[in-house]
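> Please read through the structure below; I'll follow up with questions.
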Amino acid sequence: MAVTAPDPAPALSLAPVAPRRSRARRWTRSIAAWILALAVLTAIFAPLLAPYDPAQQSLDQLQAPSAEHLLGTDALGRDVLSRIIFALRTDLVLVAFAAGLPMLIGTLIGAVAAYRGGVLDAAVRWVADVFQALPVYVLLIALVFVLGPGAASLIVSFSLLGWIVYARLIRTEVRRVREREYVSASYLLGLSRPAVLLRHVLPNSLHQSFVYLATDLGMALQGIAVLSFFGLGVKAGTPELGAMVAEGQLFLRGHWWLAAFPGLAIVILGSSFAALGDRLNAGTEADR
Numbered sequence: 001m002a003v004t005a006p007d008p009a010p011a012l013s014l015a016p017v018a019p020r021r022s023r024a025r026r027w028t029r030s031i032a033a034w035i036l037a038l039a040v041l042t043a044i045f046a047p048l049l050a051p052y053d054p055a056q057q058s059l060d061q062l063q064a065p066s067a068e069h070l071l072g073t074d075a076l077g078r079d080v081l082s083r084i085i086f087a088l089r090t091d092l093v094l095v096a097f098a099a100g101l102p103m104l105i106g107t108l109i110g111a112v113a114a115y116r117g118g119v120l121d122a123a124v125r126w127v128a129d130v131f132q133a134l135p136v137y138v139l140l141i142a143l144v145f146v147l148g149p150g151a152a153s154l155i156v157s158f159s160l161l162g163w164i165v166y167a168r169l170i171r172t173e174v175r176r177v178r179e180r181e182y183v184s185a186s187y188l189l190g191l192s193r194p195a196v197l198l199r200h201v202l203p204n205s206l207h208q209s210f211v212y213l214a215t216d217l218g219m220a221l222q223g224i225a226v227l228s229f230f231g232l233g234v235k236a237g238t239p240e241l242g243a244m245v246a247e248g249q250l251f252l253r254g255h256w257w258l259a260a261f262p263g264l265a266i267v268i269l270g271s272s273f274a275a276l277g278d279r280l281n282a283g284t285e286a287d288r
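Sequential numbering from 1 applies to the sequence shown in the UniProt record's numbering.
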């Protein structure tokens with residue numbers, strides 16, 4: 001008499017979970033992209049969108065959110081919504097320069113050093129290793145303190161410290177790309193070394209730099225907000241998210257909206273930049 005084995009228990013299938021997670025991540029990235037686009041448009045058209053002059057003071061001090069002032073007013077009677085709208089312009093411009101200039105500087109230095117090699121490459125690598133071992137935020141605060149508060153000192157300080165990461169990233173990619181066959185073929189066609197670097201090597205080495213740039217934009221936003229919170233950011237009175245949080249924390253118990261709304265704007269923008277970096281990273285991995 002043959003003995004039949006019992007049917008095995010059905011295996012737990014997790015197949016639908018991955019697509020659901022993938023769709024959720026795509027939706028998150030798409031929402032982040034729309035949020036950033038909306039923030040940029042709001043900053044561009046701030047004078048048209050703001051219901052009040054952000055510097056206009058009134059006797060309606062510390063008013064709660066209402067139909068007249070959607071996000072309330074601050075201790076000087078200024079409209080909080082109008083100040084947040086103009087603060088987006090201030091912060092996004094600062095963030096663009098504070099992350100964009102280091103990328104430009106680091107990309108040029110790292111690409112040339114990696115492509116030429118030799119003493120220049122060794123010197124760039126040594127400088128990068130030294131700066132990587134130092135506490136970046138302590139140096140950033142010290143530089144801003146020495147240069148003095150203001151937009152220019154913020155941009156200079158971020159540029160002096162931020163180029164190192166981009167130089168390391170581009171250096172690794174250039175060293176990889178320069179060994180490709182199409183680069184060797186370019187030399188056989190008579191192209192000069194600078195022409196090969198600019199036309200073939202550099203365009204194919206920027207993937208990781210752009211991925212990091214998206215994340216760096218969020219970190220620059222947080223850094224600028226923190227420095228402004230401690231009075232080391234933009235000039236006093238200028239609408240800026242970190243400075244608004246600092247002004248509002250004095251009235252946090254009774255007038256929470258003064259710090260809550262600009263703080264929420266920082267969180268949303270920072271999270272959107274992080275999601276954008278995740279999206280670019282996913283696209284780069286898919287291409288590879």
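Beta carbons are placed, not taken as given, at the ideal position from N, Cα and C, and that holds for glycine.
#1: Bridge partners for T73 per DSSP, in chain order?
#2: Determine the DSSP secondary structure at N204, reduced to helix, strand or coil.
#3: How do the segment 108–121 and the segment 229–237 stand: do at least 3 beta-carbon pairs fall below 8 Å, yes or no?
#4: Along the chain, where does the alpha helix (DSSP H) containing D121 start, and where does it finish?
#5: Assign P149 to one of three DSSP states: helix, strand, or coil.
#6: If you draw a straight line from the C-alpha of G231 to the C-alpha of W126, how long is it?
#7: Along the chain, where does the alpha helix (DSSP H) containing V234 start, and where does it finish?
#8: Where do the N-terminal and C-terminal ends of the alpha helix (DSSP H) with A185 fall, by residue?
#9: Using beta-carbon positions only, say whether L88 and A50 come within less than 7 Å of one another.
#10: In whole angstroms, what separates the C-alpha of G270 from that of S184?
#11: Under 8 Å by Cβ, that's how I've got Y166 and G106 pegged, so tell me the actual separation to the nearest angstrom.
#12: So, at 8 Å on beta carbons, what are the nonlocal neighbours of F229 in its own chain, with the 5 sequence-adjacent residues on each side left out?
#13: Apart from the five residues just before and just after G77, which ones in its own chain have a Cβ nearer than 7 Å to its Cβ?
#14: Whose C-beta lies closer than 6 Å to the C-beta of D278 among residues of the same chain, with five residues either side of it excluded?
#15: Just to check my reading of the structure: F97 and I155 have Cβ atoms closer than 8 Å, yes? What is that Cβ distance to the nearest angstrom?
#16: Just the Cα atoms here: how many angstroms apart are F45 and Y137?
#17: Please report the straight-line C-alpha distance between I141 and V177, rounded to a whole angstrom.
#18: By DSSP, does W257 sit in helix, in strand, or in coil?
#19: Quick one: using the 10 Å Cβ neighbour count with 16 as the cut-off for buried, is L104 buried or exposed?
#20: Buried or exposed for L134, going by 16 or more other Cβ atoms inside 10 Å?
#21: Determine the extent of the alpha helix (DSSP H) in which P194 is found, giving its start and end residues.
#22: I'd like the span of the alpha helix (DSSP H) that includes A46, first residue to last.
#23: Within 10 angstroms of the Cβ of W257, are there 16 or more other Cβ atoms? Answer buried if so, exposed if not.
#24: Does the distance from the C-beta atom of A274 to that of G218 stay below 7 Å?
#25: How long is the line joining the alpha carbons of A64 and L48, rounded to whole angstroms?
#26: For the alpha helix (DSSP H) that E247 lies in, which residues bound it at each end?
#27: Determine the contact status of A114 and R175, defining contact as a CB-CB distance below 7 Å.
#28: Starting from the C-beta of P213, find all residues in its chain whose C-beta is less than 7 Å away, skip the five residues before and the five after it, and write them out in chain order.
So, from the listed chains and residues:
#1: Beta-bridge partners of T73 (DSSP): D79.
#2: Residue state for N204 is assigned as coil, using DSSP reduced to three classes.
#3: These segments do not touch.
#4: That run of the alpha helix (DSSP H) goes 118–132.
#5: Coil, per DSSP.
#6: Distance between the alpha carbons of G231 and W126 is about 34 Å.
#7: No alpha helix (DSSP H) contains V234, which DSSP labels as neither H nor E.
#8: According to the DSSP assignment, A185 belongs to the alpha helix (DSSP H) that extends over 181–188.
#9: Using a Cβ distance threshold of 7 Å, L88 and A50 do not count as a contacting pair.
#10: CA-to-CA, the gap between G270 and S184 works out to about 42 Å.
#11: Cβ atoms of Y166 and G106 come within 8 Å of each other, at about 3 Å.
#12: Excluding its 5 nearest sequence neighbours in each direction, F229 has C-beta neighbours in its own chain below 8 Å: G242, A243, V245, A246, listed in chain order.
#13: Once the five neighbours on either side are set aside, the close Cβ partners of G77 are Q57, S58, L59, D60, Q61.
#14: Excluding residues within five positions, none has a Cβ falling inside 6 Å.
#15: F97 to I155, Cβ: 5 Å. Contact.
#16: Distance between the alpha carbons of F45 and Y137 is about 33 Å.
#17: I141 and V177 have their C-alpha atoms spaced approximately 37 Å apart.
#18: Per DSSP, reduced to three states, the secondary structure at W257 is helical.
#19: Around the beta carbon of L104, a 10 Å sphere encloses fewer than 16 other beta carbons of the protein chains shown; the residue is thus reported as exposed.
#20: By the 10 Å Cβ count, L134 comes out exposed.
#21: For P194, the uninterrupted alpha helix (DSSP H) segment begins and ends at 193–196.
#22: Unbroken alpha helix (DSSP H) run through A46: 46–49.
#23: With 16 or more neighbouring CB atoms inside 10 Å of its own CB, W257 falls in the buried class.
#24: When the beta-carbon positions are compared, A274 and G218 come within less than 7 Å of each other.
#25: Spanning the two alpha carbons is a distance of roughly 24 Å.
#26: Going by DSSP, E247 is part of the alpha helix (DSSP H) stretching over 241–248.
#27: Yes, Cβ-Cβ distance for A114 and R175 is below 7 Å.
#28: In the sequence on display, residue 213 carries Leu and not Pro. Closer than 7 Å at the Cβ level, and outside the excluded window around L213, lie A99, M103.
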